[in-house]
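Notes to accompany the following structure.
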Ligand SMILES: CC(C)=CCC/C(C)=C/CC/C(C)=C/COP(=O)(O)OP(=O)(O)O
Ligand SMILES: [Mg+2]
Ligand SMILES: [Mg+2]
Ligand SMILES: [Mg+2]
């Protein structure tokens, strides 16, 4: 990211809004003590809806990463139902994900334009469907090709719904929002986030045996690379995608002065994402503990030993039956 034109910046209201968002989230007691400690290491930078959305993402990710496809399907359906019915109370005894999603969305829509609401529901539903696909791959032990991995991971990374906090106050009609050039730009950004996440989280994922959905594992498998070769291949791909994004900016068509202004703000939000993500990778503690900034400079990461499969969340008491409910 050294030559990415959008520099690191922090929202001035970040501390205040993050505290409010965290207080709301913790009130659910969604995690075991160990999971909450791991979770507290995450550090997000967006205003309230953005913060709440990141919290929602990570609870969905943590709960679904360790379950079989039929269980993930049920969880996903609960979340889809809650987002489509934010004013309807959730049934007693339902997994907590429904109530978290409902409250998040009920608050978010108060300040979201109708077009941004529509785009969020579309994008988040596609994300949730890809989480079920990921669980099916996990159940079958299958490893995808680079091409088929990118196809599902572009939704699974959660990037599209994560662009929506930049769009909440904007009115961008579908003809502009889903114009092929805008879609292309949004997927270039998703691809940059995928490569950055898969590199940063590779160590954690290989150690816990959840690395089949990781571009490094896939490149090693498909091209017969070693880990370092896969890393270099992924870095080259990252450079090519950055160039494609910068070139694509020159092809954005005009939709008239009002839409163009909104679109420019939205694209600015897209362009900031890979920078935010890469900073967060090293500063949040999720992937490198307290050594993030050091590793960002040295680029040396000692590989963690593989842990036994059942030592993950399930062991910590987070199996479906043990998961918190409302
Ligand atoms: C969790 C999620 C979908 C967040 C969406 C928001 C977003 C784009 C966050 C930054 C990158 C990230 C953590 C992606 C999830 O990949 P992963 O499931 O491999 O996350 P992990 O490497 O932290 O486990
Ligand atoms: Mg995931
Ligand atoms: Mg994960
Ligand atoms: Mg990852």
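Numbering (our numbering), first residue to last: 256 to 581. Even glycine gets a Cβ: it sits at the ideal position worked out from N, Cα and C.
Beta carbon of residue i nearer than 9 angstroms to that of residue j
i, j, result
"residue 345", "residue 333", "yes"
"residue 462", "residue 471", "no"
"residue 318", "residue 352", "yes"
"residue 412", "residue 449", "yes"
"residue 425", "residue 371", "yes"
"residue 579", "residue 284", "yes"
"residue 466", "residue 532", "no"
"residue 311", "residue 376", "no"
"residue 379", "residue 444", "no"
"residue 420", "residue 302", "yes"
"residue 414", "residue 528", "yes"
"residue 384", "residue 410", "yes"
"residue 314", "residue 386", "no"
"residue 581", "residue 349", "yes"
"residue 537", "residue 551", "yes"
"residue 416", "residue 308", "yes"
"residue 559", "residue 459", "yes"
Beta-ladder partner(s) of residue i, from DSSP
i, result
"residue 350", "580"
Expected contact under 8 angstroms - CB spacing of residue i and residue j to nearest Å
i, j, result
"residue 422", "residue 521", "5 angstroms"
"residue 493", "residue 408", "Not a contact, Cβ separation roughly 14 angstroms."
"residue 427", "residue 514", "7 angstroms"
"residue 261", "residue 530", "5 angstroms"
"residue 361", "residue 342", "7 angstroms"
"residue 496", "residue 447", "6 angstroms"
"residue 400", "residue 477", "6 angstroms"
"residue 441", "residue 418", "6 angstroms"
* Who sits around ligand 4, taking every residue whose Cβ is closer than 7 angstroms to one of its heavy atoms? -> Output, sorted by chain position: 452, 453, 456, 460, 469.
* **Within the stretch 457-481, ranges of the alpha helix (DSSP H) (whole runs, at least 4 residues)** => 457-463, 470-478, all fully within the stretch 457-481.
* Using the beta-carbon of each residue, find all residues closer than 6 angstroms to any heavy atom of ligand 2 and list them in chain order. => Counting only residues whose CB is nearer than 6 angstroms to a non-hydrogen atom of ligand 2, the list in chain order is 316, 320.
* Note down, one range per segment and in chain order, each beta strand (DSSP E) of at least 3 residues found wholly within the stretch 329-415. => For the stretch 329-415, not a single whole beta strand (DSSP E) run of length 3 or above is found.
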